[in-house]
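Numbering-wise (our numbering), the sequence shown opens with residue 676 and increments by one.
Glycine is no exception: its CB is placed at the ideal position from the N, C-alpha and C atoms.
In this text, all values refer to a predicted model and were calculated from it rather than measured experimentally.
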Amino acid sequence: MKKTRYAVVDLETTGTGSVEESRIIQIGCAFIEGDQITETYQTKINPQMTIPKRISRLTGITDQQVRQAPKFADVADKIYQKLAGTVFVAHNVNFDFPFLNRELVRSGYPELDLKAIDTVTLSQVLFSRTRGYRLRDLTNYLHIEHDDPHSADSDAVATAHLFLKIKAALSELPIVTLEQLVKLGDQLPLQTATILEEALQKSKRHPNKLPDDLLVVDGLAIKRPAPLNTGEEVNVKKEAYPQTKRSKIKLYNKTLKWRKSQATLMNYVYQQFSQENEERNIVVEAPTGMGKTLGYLLPLSYVGRQRARKVVISVPTTVLQNQVLKVGKEQLNPLLRYPRQFAVLKGSSNYLNLDLFAKKIATPTELSKDGRLLAMKILVWLTTTETGDFDEINYHVGFGNSIDQFRHAGATVLSAQSPFYSYDFYRRAKTKLKFADFIITNHAYLAHHSAKFNVQERAPYLVIDEAQHFAQELANLNQQYLDLNELMMEAHRLVSRLLMNHHDNLMRSVMKHPLAGFHIRRFVNSLEKINRLISQIQGNLYEHFVQRQKVELVENQPAEIAIDEATIQQLNQNEFNALTQELANTFIEFDTLDRYFKQHDLGSVTNEAWRQIGAFQGNLTKFYDAIRDLKNDSAQSYYWITLGPNHDAGSIRIGRGVVNPGEFYQKEIVPAFAQILLIGGTLFVGNHRDYFLDKYALTKENAIIRSFNTGVNFAKQLDFEVLDSSFTLDPDTSPKAYERFLANAIVELTEDVNRQTLVLFNSLDTIEKVYTRMMQEHPERSRKILAQGVHGSRAKIIREFNDEDNAILLGAASFWEGIDFPGDRLEYLIVTRLPFRSPGDKLVQLAAKRARNPFRQFTLPDALLTFKQGLGRVIRNSDDTGAVVMLDNRIMKRRYGKQFIHQLPNGVEAHYGKIDEIKTRVADFFK
676 MKKTRYAVVD
686 LETTGTGSVE
696 ESRIIQIGCA
706 FIEGDQITET
716 YQTKINPQMT
726 IPKRISRLTG
736 ITDQQVRQAP
746 KFADVADKIY
756 QKLAGTVFVA
766 HNVNFDFPFL
776 NRELVRSGYP
786 ELDLKAIDTV
796 TLSQVLFSRT
806 RGYRLRDLTN
816 YLHIEHDDPH
826 SADSDAVATA
836 HLFLKIKAAL
846 SELPIVTLEQ
856 LVKLGDQLPL
866 QTATILEEAL
876 QKSKRHPNKL
886 PDDLLVVDGL
896 AIKRPAPLNT
906 GEEVNVKKEA
916 YPQTKRSKIK
926 LYNKTLKWRK
936 SQATLMNYVY
946 QQFSQENEER
956 NIVVEAPTGM
966 GKTLGYLLPL
976 SYVGRQRARK
986 VVISVPTTVL
996 QNQVLKVGKE
1006 QLNPLLRYPR
1016 QFAVLKGSSN
1026 YLNLDLFAKK
1036 IATPTELSKD
1046 GRLLAMKILV
1056 WLTTTETGDF
1066 DEINYHVGFG
1076 NSIDQFRHAG
1086 ATVLSAQSPF
1096 YSYDFYRRAK
1106 TKLKFADFII
1116 TNHAYLAHHS
1126 AKFNVQERAP
1136 YLVIDEAQHF
1146 AQELANLNQQ
1156 YLDLNELMME
1166 AHRLVSRLLM
1176 NHHDNLMRSV
1186 MKHPLAGFHI
1196 RRFVNSLEKI
1206 NRLISQIQGN
1216 LYEHFVQRQK
1226 VELVENQPAE
1236 IAIDEATIQQ
1246 LNQNEFNALT
1256 QELANTFIEF
1266 DTLDRYFKQH
1276 DLGSVTNEAW
1286 RQIGAFQGNL
1296 TKFYDAIRDL
1306 KNDSAQSYYW
1316 ITLGPNHDAG
1326 SIRIGRGVVN
1336 PGEFYQKEIV
1346 PAFAQILLIG
1356 GTLFVGNHRD
1366 YFLDKYALTK
1376 ENAIIRSFNT
1386 GVNFAKQLDF
1396 EVLDSSFTLD
1406 PDTSPKAYER
1416 FLANAIVELT
1426 EDVNRQTLVL
1436 FNSLDTIEKV
1446 YTRMMQEHPE
1456 RSRKILAQGV
1466 HGSRAKIIRE
1476 FNDEDNAILL
1486 GAASFWEGID
1496 FPGDRLEYLI
1506 VTRLPFRSPG
1516 DKLVQLAAKR
1526 ARNPFRQFTL
1536 PDALLTFKQG
1546 LGRVIRNSDD
1556 TGAVVMLDNR
1566 IMKRRYGKQF
1576 IHQLPNGVEA
1586 HYGKIDEIKT
1596 RVADFFK
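See the structure below:
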């Protein structure tokens, strides 16, 4: 039988539009026969048009390089002959194949009539754990050599190797999985599904024994669950904690390096938890670079066993949960005679419901296109996952709308008669918790479910890591919203059912019952008054807080704007009172009509219509309660409005937060645990600790507090510069002048400093305008610039930034903290302005309610902590180096600026100078 010849093709083009708008500038082909690359072909092509600069930056192909290259018509025959009779393969075949065919037709050739296969969707199905599906992501994940991304010849060869990996991965799958992939795959691009069919037929001709680590349950091939380790055989074992340097070095056995600061932290944690002091709260600031995670895991692994207490560890994000788990399994457990057991605690919705999934894929026609692709991905993932945790999967576009249908809804929804009962991921995760020494959860789960931890005979210990974030989670927990739009929609629905629908309105049904008609009209009148009141509230709030105050809003981004207590009190006295009265009137009219319909038989159609109206009417109760909640305890609350992305009055919602989340911490969190360690890298502002302690209702009397020095030699590893410029931020600063200053300063400071660079802003709107100005005024620059809010999601641009060696990333808000760039992925930080919150920020309003001096007690310390966290982006480990340049000269010219300088690590001085002086010092520092 003749071997199939695959042509793996990659095109570089002047753009992604039609042939009339864009042209090919390079084509690369790699030909595969018998699972071997047998031939390659590539040529640059003169597009007969100017190559856009962004394309030259991406591909490295310039107008000069293609000036002497052949036109497409000159090579069309050769390309046509080479590809004829092959199976066309591309990474995004829906772009490359039609584009190439249009160029062939333009040159007088017929379209190639070939089978065409897409490696993007096949990769999405088969490689669930890669961090992305760009060719570069996949070659990194699969260890495929790919030296020149976005060069057609290199990309074609890399895609050919990827295609061979895809075929090999398919050959390893169980027949039952391949059968289901074929059933679900008929909507894959072009003829991509034929690869699945060929793999299935080959497996049937040469069947392999099902691997021992897999089993088939009711038609699903899944990873065989490992036996649960109950830990009973080591319950009575006692191990001596390694207190001294010598004993630690012996324990490490050359697998870890002894670090003085880390060892001091270990001993401190061991001492505090061994004593089980009356003060349940231990607050520790453990700066970057000292190995904080192992610093608390090691001592607590001993104390937990000795005291027969579990240890719950809470972190802000899933990424950090995985990092703690990795440190526990890869660093801690190899040191211990009896390895500790770790379990990750998440809500049921994080897990796949096997029973539900099996039922859904049994009828593929009821799944959307994205739903089918996700189901295929899950089928392959089931052969490798031990947890069924969706966080293991890399979602691609569209998955977010499909994955909810497969989520677990909790233990009560699963029948014991289900064939998947014994293998249910959520059940197994909960069972694993019973025998775990360490339970890793996230701040949101802890805040919502703290009581669930206090069900054991001996209360567990708690570590709140990155504790500076947990207070905000508690504040979020106590937030409430009055969604005025939703209330208006409910009122509209009821009016339609009662009066407006042409065929099935209730008024038509009761024409012979005038008393019922009278009460329906009263019902409708109240509903229409509710709608008028909502429009009035939204209009007044919009005029007062959006138009008059000229709040800075970012285009296409939702916004939050603080509103004062006086406004809420005025609403309480007027519109809110009227709203609750009209809602109460609807309840009265509903009850009256309900009694009438029970006493009079108006027929099954009318009764069903009334039943549906009753369901809508029940929804109004929650709005009545929400308005009453807004009216209560206004002295203990702060308020804001939210605007939708279009910033229109009709999108306004009203939010309410509780002033003191620390009270909730003391009442709900503290009693559930034996002792609590609150630990983080940036908790305190110098020696002033009250800003952090107040958030938890802690004092120096009821908490044990300690700050540690890091092992980093910051004097040698961090250079801090302040730009001496004539431009100073003040209330009268022109936005355009500021944007021009920033764009020019960033361009000059990054010129000839070829280091991975992060530029921190306070506003997404400013990022967009500075980025646009940089691209327009300096188009000749070849460095890649990534801008938050311009180039996709935060995760996407972080991934792209980490793939580069000399990129510039413009980021705001979340980039000030919580982002760890590995190794040398970030060496140069430019800070555009001091990170003060805007006056309209809802937390600034909260401070105004609580503090005698809001600036000194909240706004300034909040900015100081954010500043420290921003510096922490550069130095994450003891061997990192980096330079920081501050463009906001208020740090030198304002009285409060000294406090920012005091946040610099020990040994680091602030150097003040012009741009040329700074560039010279930075260049010398990096040498």
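Rounded to the nearest whole angstrom, the CA to CA distance from L853 to A1033 is 15 Å. When the Cα atoms are used, P902 and N1384 turn out to be separated by approximately 43 Å. Every beta strand (DSSP E) of 3 residues or more that sits fully in the region 1383-1454 is shown, in chain order, as 1393-1398 and 1432-1436. E1443 and L1461 have their alpha carbons spaced roughly 10 Å apart. Apart from the 5 residues on each side of it in sequence, M1182 sits with its Cβ closer than 7 Å to the Cβ of L1173, L1174, G1192 and I1195 in its chain, given in chain order. Ranked by how close their Cα comes to the Cα of L995, the residues I1505, I1243 and G1355 have G1355 in first place. Residue burial annotation: N904 is exposed, with fewer than 16 other C-beta atoms found within 10 angstroms of its C-beta. With fewer than 16 neighbouring CB atoms inside 10 Å of its own CB, N1528 falls in the exposed class.
Not a single unbroken stretch of the beta strand (DSSP E) spanning 3 or more residues falls wholly within the region 1268-1309. Looking only at D1554, T1595 and R1570, the smallest Cα-Cα distance to M965 is reached by D1554.
Beta-bridge analysis with DSSP links Y916 to no other residue.
For Y1136, the secondary structure class from DSSP, reduced to helix, strand or coil, is strand. Shown here, F1359 sits in coil according to DSSP, grouped into three states, outside any helix or strand. Judged by DSSP in its simplified three-state form, F706 adopts strand.
Looking only at P722, Y716, L801 and T679, the smallest Cα-Cα distance to G760 is reached by T679. Classified as buried, W1315 has 16 or more neighbouring CB atoms from the shown chains inside 10 Å of its CB.
In terms of Cβ geometry, R1430 and F1601 form a close pair [threshold 8 Å].
In this structure, F1395 and H1118 do not form a Cβ contact; the two beta carbons are roughly 31 Å apart against a cut-off of 8 Å.
DSSP places N883 in the coil class of the three-state scheme, outside both helix and strand.
Straight-line measurement puts the Cα of I1205 at about 21 Å from the Cα of H1219. The Cβ atoms of I702 and I754 sit closer than 8 Å to each other.
A residue is called buried once 16 or more other Cβ atoms fall within 10 Å of its Cβ, and E1502 is buried on that count.
Around A1558, the same chain offers D1394, Y1503, V1597 and F1600 as residues with beta carbons nearer than 6 Å, after the five sequence neighbours per side are excluded.
Excluding sequence positions up to five before and after G1572, its CB lies within less than 7 Å of the CB of R1565 and I1566, all in the same chain and listed in chain order. The alpha carbon of Q1287 has as its nearest neighbour, out of G860, E1165, K1517 and E1343, the alpha carbon of E1165. When the alpha-carbon of N767 is set against those of T794, D788 and S782, the nearest one is in T794.
Close CB contacts of L1121 within its chain, under the 6 Å cut and outside five residues either way in sequence, are with S989 (chain order). Taken through DSSP and simplified to helix, strand or coil, Q1154 comes out as coil. Secondary structure at S1023: helix, using DSSP grouped into helix, strand and coil. The beta-carbon separation of A896 and T1058, rounded to 6 Å, stays under the 8 Å limit for a contact. Under the 10 Å beta carbon count, I1263 is surrounded by fewer than 16 other beta carbons and is classified as exposed.
Ranking T814, T1267, L1216 and Y1217 by CA distance to the CA of R1197 puts T1267 first.
About 6 Å separates the beta carbon of V1387 from that of I1550, a gap short enough to meet the 8 Å contact definition.
With respect to P1094, V892 sits close: the two C-beta atoms are nearer than 8 Å.
In the structure shown, K898 falls within a strand segment according to DSSP collapsed to helix, strand and coil.
Residue environment for P849: buried (at least 16 other C-beta atoms within 10 angstroms of its C-beta).
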